[in-house]
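Asks: Pasting a structure below so you can have a look.
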Amino acid sequence: MSSTRPRILEATRRLIAHRGTGFTMADVARETGVSRQAVYLHFASRASLFLALVRHMDDADGIRPRCERALAEQDPLEALRAFLAAWLSYADRIRPIASALLASRHDDPDTAAAWNDRTGELRAGFLAATRRLGATGLLRPGLTPETAADLAWAMTSVPVWEQLTVDCGRDALDAGHHLTDAVTAALTRRPPAGDGHPSREVTGAR
828 MSSTRPRILE ATRRLIAHRG TGFTMADVAR ETGVSRQAVY LHFASRASLF LALVRHMDDA
888 DGIRPRCERA LAEQDPLEAL RAFLAAWLSY ADRIRPIASA LLASRHDDPD TAAAWNDRTG
948 ELRAGFLAAT RRLGATGLLR PGLTPETAAD LAWAMTSVPV WEQLTVDCGR DALDAGHHLT
1008 DAVTAALTRR PPAGDGHPSR EVTGAR
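All you need for this note's numbering is the position in the sequence shown, starting with 1, plus 827.
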C-alpha cells in the first residue's frame, strides 16, 4: 500500500488538532507535502477524507474489538460497565479531534457525515447493551432499551467528557469511574459496583 494515504490522514489529523476543520484539500496537500491531485487520487472529496480519518483512528486504536469484547461479557451489567470503560478511555484519547468535528458539524456537512458515522456506531453499541439489560429485567422501570441507550450516549458524550476533564480539571481516571457509576445507577435496578476503584480500561486513559 502506498505510504501517501496514511501521510494524508496524519496531516489531516494535525490540521484538525491545530486549526479545527476550516481547511481545504489544498491545505491538506501542503501539509502532507504532495500535490492536490495526489490527495484527490486517494480521497475523492473532503467528506470521504474526514470519514476515512475517523475510521482510521478507530482502527489504529483497536476500539472496535475492545467494545465487542465488552459487550460479550456474560453478565449484562458487567457488559454495560465494560463498554462504558472502553468508550470513555477512547473518548479521552480522541477528544481534541472529536471536539473539533462536533463544533463544526452544523455548518459543515463533510464533518457532519464523519461525526454521524462514528456516533451511530457508538449508539448501536449502547443499544446492544441496554437490550440485554431489558431482556434480563435489569433496566430501571419506565425505561425502554432505546431511551436507556440514548441516556447513556448523552451522559458519556465528548462534550460531557471535555467539561469534566478540561473545564472542571477532573482526573480522567476518576471521571471515567464516576461516569460509569452514574450511568449504571441511572439505567439499572442495581446500585453501581462502588468498589472505589476505576475499571481496568479507564485506568489506561491517561
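Ideal Cβ placement from N, Cα and C applies to all residues, glycine included.
Quick check: the segment 972–992 against the segment 877–892, are there 3 or more CB pairs under 8 Å?
Replies: Not touching, per the Cβ criterion.
Asks: Once you ignore the five residues that flank Ala-939 on each side, which residues in its own chain have a CB closer than 6 Å to its CB?
Replies: Within the same chain, Ala-939 has close Cβ partners Arg-932.
Asks: By DSSP, does Thr-1015 sit in helix, in strand, or in coil?
Replies: Residue state, collapsed to three classes: strand.
Asks: Apart from the five residues on each side of it in sequence, which residues of its chain come closer than 6 Å, Cβ to Cβ, to Asp-937?
Replies: Excluding positions up to five away in sequence, the list reads Arg-873, Ala-874, Phe-877.
Asks: For Pro-972, which of Ala-1013, Val-993, Asp-1001 has the nearest alpha-carbon?
Replies: Checked all of Ala-1013, Val-993, Asp-1001; the closest Cα to Pro-972 is Ala-1013.
Asks: What residues are listed by DSSP as bridge partners for Leu-966?
Replies: Paired residue(s): Thr-1015.
Asks: Compute the distance between the beta-carbons of Arg-1016 and Leu-966, then report whether it is under 9 Å.
Replies: Against a cut-off of 9 Å, the Cβ pair of Leu-966 and Arg-1016 comes out as a contact.
Asks: Look at the alpha carbon of Asp-902 and the alpha carbon of Leu-991, and state the distance between them as a whole number of angstroms.
Replies: Straight-line Cα distance between these residues: approximately 29 Å.
Asks: Would you list, in sequence order, the uninterrupted alpha helix (DSSP H) runs of no fewer than 4 residues that lie entirely inside the segment 864–950?
Replies: Entirely contained in the segment 864–950, the alpha helix (DSSP H) runs reaching 4 residues are, in chain order, 873–888, 890–898, 903–931.
Asks: Looking only at its own chain, which residues have a Cβ that is under 7 Å from the Cβ of Glu-900, when we skip the five neighbours before and after it?
Replies: If we look at Glu-900 and ignore the five residues flanking it on each side, its Cβ neighbours are Ala-906, Ala-909.
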